[in-house]
C-alpha cells in the first residue's frame, strides 16, 4: 500500500508533477537524440572506413605497416587468399598490390597510394564501385585505366578520359612510369582519402613491375562477430604474417567508438544533474505542502524510516515516469530517423573532411536504456534525500498543528 | 490500576533562551471506560498535556504510565511503536490521507501493524459500519463532509485496537449537527465497546457530555470534577 500511496501522491498535484515530468522527458529526449546522432555518426564513420578500404581484417607481411617498401610482399599470397576464402564468416577477400608514388597531370602532381586490385574481388570486399560518381568502374577488358577520387581530379585538374602519369619505384629501385586513362571518379565520405588514393588493375601494375606482388589481403566478413575467430584462424595457419583487425589497424576509430557510450553517458549524466535540482525543488514543495499529513502519519505510528522510504519512492516514481516518457520519445525519434535518415548535405564539405556521411542515421544501443533507467533512479534518490530528510526531521506534535 | 497514570509531570520549553514551564507538577489518573474532557484556555498547557499522554512529547520530569508501561523515558522508535499499538488519535482537522478512500484510510493503520489483508478489509468495513459510513467506503476524503471525515478518523483511530482514543478538538471544525452526531457516536463507542476517550476541547457541547472534566490553567490542574449533568 505504501507503493500505491506513493504513486497516488505523485498525481496529487497534476500540474506540478506534470511540469517536472515534462522537464525530465524533454531533457532525456534531447539527450537521447543527441546521443543517437553522435553514435550514428561514429558508427557510420567506422562502417564507412571498413567498407571503403579497411575491411574487417588485413593480412600483411610482418613489418609492412612500418616499412611499406615494394619488397614487403606476402609470400604465397594466392594460397593465403584461397585458405581465407573458405573460412566460416568470410564474405569476400581482396588481394592488393600497394605502392606509394606520384600522380601527375600536365598541370600538377600529388603524392598518392596506388592500389592494384582485382576489380571483382575489390567490389565484393569494399564499397568502391558504389562510390563511382562519374564514369565507370575498372574494366578488365581495358588496359591502364585508373579510378581517382573527385578531390584528386580537382587537384590535378583532370576529367574523365584524361590521362595521368603514375610514378613509383620498382623492386630494383628504378623509377617506373605508367600512363593511365581516368576511367572513373569516386567520391567517398572522406575527401582526404579521395585525394590520396587511386585504383588500377592489379594486372597492369604487375606488367609494369615485371612480376606479381601482393602486399595486402583485405578480408570482409559477413558480421563483425566473426572477427576474433577468423583473425585467430589466419594467425595460427600463417604465423609469419601479420593479421590485424580493423580496431588494430585504426585504433583511433576503435577508441572513438568505445568512448561514444562513455561520453554519451556523461552527457546524459550532466542533463540528469541539471534535472536533479528541479526534482528536488518539486519534491520539497510537495512535502512542505503536506507537513500536517506527515505529522499525522508519524503520530499514528508510521516510522520515520517508512516515511523516508515513501518520499524516496514518490521521487523515484515521478522521475521514472518522466524518464519513461523521455525514453519513449527519444527512442521513437531515433527509430523514425533511423529509417528516414537526417540529410546533412548543407554541411557536406565539412562532414566529408572528417569522414562523416552526408546522410546520418542515428542509432542507439539497447544497453543505453537500462543504464539510463539506473541513472534516473540514482538521480531521483539523490534529489529526494533533502526533502526526505526535511520530512523526518518534523516533530509530529507540532507538524499536526501546522496550517498552511 | 488506572489506564493512564501521570505523576509529577513537568514540561519546560526553552523559548529564546527563556525557560517556559508549560506543565507544572501534573498528577492525573484516568481509568478505563472514562469519557474525559481536558479543558482550559489557550496557553494553559492543555495541548502539551495531550501530547505527553499521546506519547508525542516527553516530559521534562515525572512519569507517565499507560496500560502498565512507563513511556516517560522511552526511546523515540519504541514510542512510535507504542503509539501504533496503544493509542488511537482523532485530530481537529481530520488529517485523513487525501489520496486514499475511507476504507483505505482505516486499513492504513492496520497495514502499519502488519495485519493480514483479509483481516484488514473485514475490520475496516466493520468499523466504517460502526461509524455509519458503510455506504461511503470507496469515497475519498474530498468527497465526504467534515462530519463524515471525522467519523472516518474515529474509525481509523479504533482500527489498531487501541487502549484509548485521544481526541484533540474533534468538533472544532464541525457544524452543530455534525458535532452532536459525532459526540453521540463516541458516546456509543464508549458505552457499547468500552472504549476510553480523552478529549482536549473548548467546545461546550463536548464538556457537557464528558463524564469527567479536568481543567488546566498555567500548567496546573485547577479542577477535576465528575460531570453531574451526564
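Residue numbers (our numbering), protein chains in the order written: chain Y, 144 to 547; chain H, 9 to 238. We treat Cβ as the ideally placed atom computed from N, Cα and C, and that holds for glycine.
Worksheet entry | Close-in-space but distant-in-sequence residues of the same chain around residue 520 of chain Y (CB under 8 Å, 5 per side omitted) | Taking the first chain and counting its residues from 1, one reaches residue 520 of chain Y at position 377. Apart from the 5 residues on each side of it in sequence, residue 520 of chain Y sits with its Cβ closer than 8 Å to the Cβ of 459, 462, 463 in its chain, given in chain order.
Fill in: Residues near residue 330 of chain Y in its chain [Cβ-Cβ closer than 7 Å; skip 5 each side]
To locate residue 330 of chain Y, count along the first chain from 1; it is residue 187. The residues are 274, 276, 292, 293, 337.
Fill in: Buried/exposed call for residue 268 of chain Y, threshold 16 Cβ in 10 Å
Your numbering for residue 268 of chain Y matches position 125 in the first chain. It counts as buried.
Discussion item. Going by beta-carbon coordinates alone, are residue 296 of chain Y and residue 302 of chain Y separated by less than 8 Å?
Written reply: Position 153 of the first chain holds residue 296 of chain Y. Position 159 of the first chain holds residue 302 of chain Y. Cβ atoms of residue 296 of chain Y and residue 302 of chain Y: closer than 8 Å.
Fill in: Terminal residues of the alpha helix (DSSP H) in which residue 388 of chain Y lies
For this step, residue 388 of chain Y is matched to residue 245 along the first chain. Per DSSP, residue 388 of chain Y belongs to no alpha helix (DSSP H); it is in the beta strand (DSSP E), 384-388.
Worksheet item: Does the separation of the CB atoms of residue 99 of chain H and residue 407 of chain Y fall below 8 Å?
Response: Working through the second chain from its first residue, we reach residue 99 of chain H at position 91. Working through the first chain from its first residue, we reach residue 407 of chain Y at position 264. Cβ atoms of residue 99 of chain H and residue 407 of chain Y: not closer than 8 Å.
Worksheet item: Rounded to the nearest angstrom, how far is the Cβ of residue 341 of chain Y from that of residue 257 of chain Y, given a contact under 8 Å?
Response: Sequence index remark: in the first chain, residue 341 of chain Y carries index 198 (1-based). Sequence index remark: in the first chain, residue 257 of chain Y carries index 114 (1-based). Contact holds; Cβ gap of about 6 Å.
Discussion item. Can you check whether the C-beta of residue 26 of chain H is within less than 8 Å of a C-beta belonging to chain Y?
Written reply: Along the second chain, one-based indexing puts residue 26 of chain H at 18. Not flagged as an interface residue toward chain Y: residue 26 of chain H, since no C-beta distance is shorter than 8 Å.
Worksheet item: Buried or exposed: residue 64 of chain H, going by 16 or more other Cβ atoms within 10 Å of its Cβ?
Response: What you label residue 64 of chain H is simply residue 56 of the second chain in a count that begins at 1. By the neighbour-count rule (16 or more Cβ atoms within 10 Å), residue 64 of chain H is buried.
Practice prompt. Report the neighbours of residue 430 of chain Y on chain H: residues whose CB is nearer than 9 Å to its CB, in chain order.
Written response: To locate residue 430 of chain Y, count along the first chain from 1; it is residue 287. Simply none; closest approach about 14 Å.
Worksheet item: Cβ atoms of residue 14 of chain H and residue 34 of chain H: under 8 Å apart, would you say?
Response: In the second chain, counting from the first residue as 1, residue 34 of chain H sits at position 26. In the second chain, counting from the first residue as 1, residue 14 of chain H sits at position 6. Yes, the pair counts as a contact, with Cβ atoms nearer than the cut-off.
Item to complete: Just list the alpha helix (DSSP H) runs in the segment 405-460 of chain Y, keeping only unbroken ones of 4 residues or longer that don't cross its boundaries, in chain order.
Response: 434-443
Worksheet entry | CB contact check: residue 107 of chain H to chain Y, cutoff 8 Å | The sequence position of residue 107 of chain H within the second chain is 99, counting from 1. Chain Y contact via Cβ: present.
Worksheet entry | Where residue 4 of chain H meets chain Y, residues with beta-carbon distance less than 7 Å | Because residue 4 of chain H is not part of the residues shown, which for chain H are 9 to 238, the question remains open.
Fill in: residue 403 of chain Y, buried or exposed, once every other Cβ within 10 Å from all chains shown has been counted against 16
As a first step, residue 403 of chain Y is located in the first chain; it is residue number 260 there, counting from the start. Counting the other CB atoms within 10 Å of its CB gives residue 403 of chain Y a total of 16 or more, which places it among the buried residues.
Item to complete: Name, going along the chain, the residues of the segment 86-97 of chain H whose beta-carbon falls closer than 9 Å to a beta-carbon of chain Y.
Response: 88, 89, 90, 91, 92, 93, 95, 96, 97
Worksheet item: Can you find a CB in chain H that lies within less than 8 Å of the CB of residue 455 of chain Y?
Response: Translated into positions along the first chain, residue 455 of chain Y becomes position 312. No, residue 455 of chain Y lies away from the interface with chain H (no Cβ there is under 8 Å from its Cβ).
Worksheet item: Got a sec: is the Cβ-Cβ distance from residue 205 of chain H to anything in chain Y below 8 Å?
Response: Sequence index remark: in the second chain, residue 205 of chain H carries index 197 (1-based). Closer than 8 Å: no.
Practice prompt. Would you mind reading off the limits of the alpha helix (DSSP H) that contains residue 130 of chain H?
Written response: Translated into the one-based positions of the second chain, residue 130 of chain H becomes position 122. Run containing residue 130 of chain H: 125-138, per the alpha helix (DSSP H) assignment.
Worksheet entry | DSSP bridge partner residues for residue 253 of chain Y (one or two, in chain order) | Locating residue 253 of chain Y in the first chain gives position 110, where the first residue counts as 1. The partner list for residue 253 of chain Y (beta bridge, DSSP) reads Y:246.
Worksheet item: What does a CB cutoff of less than 6 Å around residue 178 of chain Y pick up in its chain, not counting 5 residues either side in sequence?
Response: Locating residue 178 of chain Y in the first chain gives position 35, counting from the first residue. Once the five neighbours on either side are set aside, the close Cβ partners of residue 178 of chain Y are 407.
Item to complete: Just confirm the distance between the C-beta atoms of residue 163 of chain Y and residue 422 of chain Y, as a whole number of angstroms; I'd bet it's less than 8 Å.
Response: For this step, residue 163 of chain Y is matched to residue 20 along the first chain. For this step, residue 422 of chain Y is matched to residue 279 along the first chain. Yes, residue 163 of chain Y and residue 422 of chain Y are in contact; Cβ-Cβ is about 6 Å, under 8 Å.
Fill in: The beta strand (DSSP E) enclosing residue 151 of chain H, as first and last residue numbers
Working through the second chain from its first residue, we reach residue 151 of chain H at position 143. Segment: none, residue 151 of chain H is in no beta strand (DSSP E) and carries neither H nor E.
Discussion item. At the level of alpha carbons, what is the spacing between residue 166 of chain H and residue 468 of chain Y?
Written reply: Position 158 of the second chain, counted from the start, is the residue given in the question as residue 166 of chain H. Position 325 of the first chain, counted from the start, is the residue given in the question as residue 468 of chain Y. Going by the C-alpha atoms only, they are around 43 Å apart.
Discussion item. Would you say residue 393 of chain Y lies against chain H (beta-carbon separation less than 8 Å)?
Written reply: The residue given as residue 393 of chain Y occupies position 250 in the first chain. By this cut-off, residue 393 of chain Y is not an interface position.
Worksheet item: What number of angstroms, rounded off, separates the C-alpha of residue 388 of chain Y from the C-alpha of residue 339 of chain Y?
Response: Position 245 of the first chain, counted from the first residue, corresponds to residue 388 of chain Y. Position 196 of the first chain, counted from the first residue, corresponds to residue 339 of chain Y. Taking the straight line joining both Cα atoms gives about 23 Å.
Worksheet item: With a cut-off of 8 Å, do at least 3 Cβ pairs link the segment 192-209 of chain Y to the segment 483-492 of chain Y?
Response: no
Practice prompt. Please report how far the alpha carbon of residue 121 of chain H lies from the alpha carbon of residue 94 of chain H, in whole angstroms.
Written response: For the purposes of this step, residue 121 of chain H is taken as the residue at position 113 of the second chain. For the purposes of this step, residue 94 of chain H is taken as the residue at position 86 of the second chain. Answer to the nearest angstrom: the Cα atoms are 11 Å apart.
Worksheet item: Is residue 117 of chain H close to chain Y, meaning its C-beta is less than 8 Å from at least one C-beta of that chain?
Response: As a working note, residue 117 of chain H is residue 109 in the second chain. Interface residue, yes.
Practice prompt. Mind listing the chain Y neighbours of residue 166 of chain H? Cutoff is C-beta to C-beta under 9 Å, in chain order.
Written response: Against the second chain, residue 166 of chain H aligns to sequence position 158. In chain order: nothing, as chain Y lies at least about 12 Å away.
Fill in: Check whether residue 58 of chain H and residue 174 of chain H have beta carbons under 8 Å apart
The residue you call residue 58 of chain H lines up with position 50 of the second chain. The residue you call residue 174 of chain H lines up with position 166 of the second chain. Their beta carbons are under 8 Å apart, which means residue 58 of chain H touches residue 174 of chain H by this criterion.
Worksheet item: Got a sec? Which residues, its chain only, sit under 8 Å from residue 20 of chain H by beta carbon, not counting five neighbours each side?
Response: Mapped onto the second chain, residue 20 of chain H falls at position 12. Excluding sequence neighbours, residue 20 of chain H sits near 27, 28, 29, 30, 68.
Worksheet item: According to the Cβ coordinates, are residue 72 of chain H and residue 17 of chain H closer than 8 Å?
Response: To locate residue 72 of chain H, count along the second chain from 1; it is residue 64. To locate residue 17 of chain H, count along the second chain from 1; it is residue 9. Yes; because the gap between Cβ atoms is below 8 Å, this pair is in contact.
Discussion item. Check whether chain H comes within 8 Å of residue 442 of chain Y, counting only Cβ atoms and requiring the distance to be less than that.
Written reply: Working through the first chain from its first residue, we reach residue 442 of chain Y at position 299. By this cut-off, residue 442 of chain Y is an interface position.
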